[in-house]
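Residue numbers (this note's numbering): 5 to 177.
Worksheet for the structure shown next.
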Amino acid sequence: MLTITDYIEIFAEYLNLAPVKVFIRRNYDQIEPFEEFENPNLSDKIPTWWRAYNDLKHDFYSNINQGTLDNALASLSALFVLNCQSSWKLRLQENINYLVLNRVITSPNFIHIGHLLKYIKEDPNLEKYSLIAQTDLFEYWLSHHPETIELTVMDRLAVGDSLRIPTKRPPGL
């Protein structure tokens, strides 16, 4: 039977998960669920959320303090990333209409869903524009250009600020 250290070696070789970042959509905090993979010693590569899960599983009452929201979010974000990473391009082509029409797959580069659908169907490499997988809780950039991420996050934060009810009436109105 495989252990977490076996999976870490497999993931490190095939998926390059260490640098992965997941955004929490409510406040745009970042979670790096696999950041420990960068540690040189194999036993130090086990993610904190995995250790907490195992400690809780084996001795719940002694380790109850490890059942934190941070560990829960990190483990859920890890699962979200693994679902996205696992041959997402192949599954995207199979389920494209559902995923795009239901806004699970979006792109800051396309305003109209029809244009995004056309791009995904015509470009099998999907490397020209940024694509985002999102749920109500998480956002993960499937393919991205760093400048697009910064602009999009700043735009969304600005929109959030603009939705605040003004306390003063602007001059001239």
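For glycine and all other residues, C-beta sits at the position ideal for the given N, C-alpha and C.
Selected residue, minimal CA-CA separation from residue i, among the options
i	options	result
residue 181	56, 79, 63	Look at the range of the chain in this structure, 5 to 177, and you will see that residue 181 is not part of it.
residue 46	110, 68, 12, 104	12
residue 83	22, 61, 23, 37	37
residue 72	63, 86, 52, 89	52
residue 111	18, 146, 21	146
residue 22	131, 86, 108, 64	86
residue 142	69, 88, 122, 50	88
Residue range of the alpha helix (DSSP H) that includes residue i
i	result
residue 17	8-18
Residue i, enclosing beta strand (DSSP E) - first and last residue
i	result
residue 22	Run containing residue 22: none; DSSP gives neither H nor E here.
residue 144	142-147
Beta-ladder partner(s) of residue i, from DSSP
i	result
residue 135	147
Can you find at least 3 beta carbon pairs, one from the segment 51-66 and one from the segment 122-141, that sit closer than 8 Å? no
Kindly provide the ranges of any alpha helix (DSSP H) runs that are 4 or more residues long and lie completely inside the segment 48-84, ordered along the chain. 52-62
Please give the ranges of any alpha helix (DSSP H) in the segment 87-132, keeping only runs that are unbroken, at least 4 residues long and fully inside the region. 92-98, 100-105, 117-126
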